[in-house]
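Chemist: Sequential numbering from 4 applies to the sequence shown in my numbering.
From the three backbone atoms N, C-alpha and C, an ideal C-beta is built for every residue, glycine too.
Before I ask anything, let me first share the structure, which is written out below as structure tokens.
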Amino acid sequence: MDWIVFDYAGVISHAPPDDAGTSLVTVVGVESAAFWPAYWRRRADYDRGAVAATAYWRDVFAQLGRPFSEELVGHLVALDLGAWQEINLETLDIVDTLATRGINLAMLSNMVPEMARWTERQDWADRFRHRLLSGDLGMVKPDADIYHRTCEVLKARPGDILFIDDRADNIVAAEAVGMAGLLFTDAATLRDDLTRLLPADTEAVAR
């Protein structure tokens, strides 16, 4: 493999806890059962940068019949992004070790523009030679276009890329264009899987 490409949410970061959306639901002022369908309805458009945060949240409030104020947007964005900002230090340790050994690393993630700018400011961001983020690319996983674009940016054939993601549909889509896929469950399993898949670099991931 010439490149190892990591997803962010649920791989580099922890998945949000079950109560992570409670604050958002409270601000909007509806029941959780009503909130989440409205939250997800245009999320792909927000992820690909097709709508800005204000338009996205205005639409959520409109679906729910709630009064909207642009003054809320900054608070809503902060609450929304905060759920995805707890870094999985065990995964990051694997990333650090691979980067130290000179293995080419990239990130491919569905990520709204505000989150993309946040990642750029993190001290771990430079471990990834390329960060391909949906809000910048105008594409989202699992659409095939984003995987083809990844190959173009990395100047690599699909078969020379190992893609790690916590969602099976994203792995299936990556494999459909010819990449090798690895479904993430936890950092310990990832370390074992990389040791198995990269026998020449066993010391790079085994501890």
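1) Based on the DSSP output, what are the partners of S16 in its beta bridges?
2) Would you be able to state if there are at least three C-beta pairs under 8 Å between the region 18 to 33 and the region 182 to 199?
3) If we call anything under 8 Å between Cβ atoms a contact, is G141 one with G77?
4) Going by C-alpha to C-alpha distance, which of L201, W6, D83 and G32 sits closest to W43?
5) Report the rounded CA-to-CA distance for T198 versus R45, giving the unit in angstroms.
6) Under 8 Å Cβ to Cβ from A147, same chain only, skipping five residues before and after it: list those, please.
7) When you compare only the Cα positions, how much space is there between T188 and I15?
8) Quick test of your reading: L101 and L111, contact by CB under 8 Å. State the CB separation rounded to the nearest angstrom.
9) For A191, count the other beta carbons within 10 Å of its own beta carbon; 16 or more makes it buried, fewer makes it exposed. Which is it?
10) So, A119 versus L136, is the Cβ gap smaller than 8 Å?
11) Go ahead and label L92 buried or exposed: buried means 16 or more other beta carbons lie within 10 angstroms of its beta carbon, across all protein chains shown.
12) Which whole-angstrom value is the C-beta distance of A41 and L67, which I expect to be below 8 Å?
13) Between which residues of its own chain and A18 is the CB-CB distance below 8 Å, once the five residues before and five after are set aside?
Modeler: Taking the coordinates as given:
1) I90
2) no
3) no
4) D83
5) 39 Å
6) A176, A179 and V180
7) 12 Å
8) Going by Cβ atoms, the distance from L101 to L111 rounds to 16 Å, so no, they are not a contact pair.
9) exposed
10) yes
11) exposed
12) So it is a contact: roughly 5 Å between Cβ atoms.
13) These residues qualify, in order along the chain: A12 and D169.
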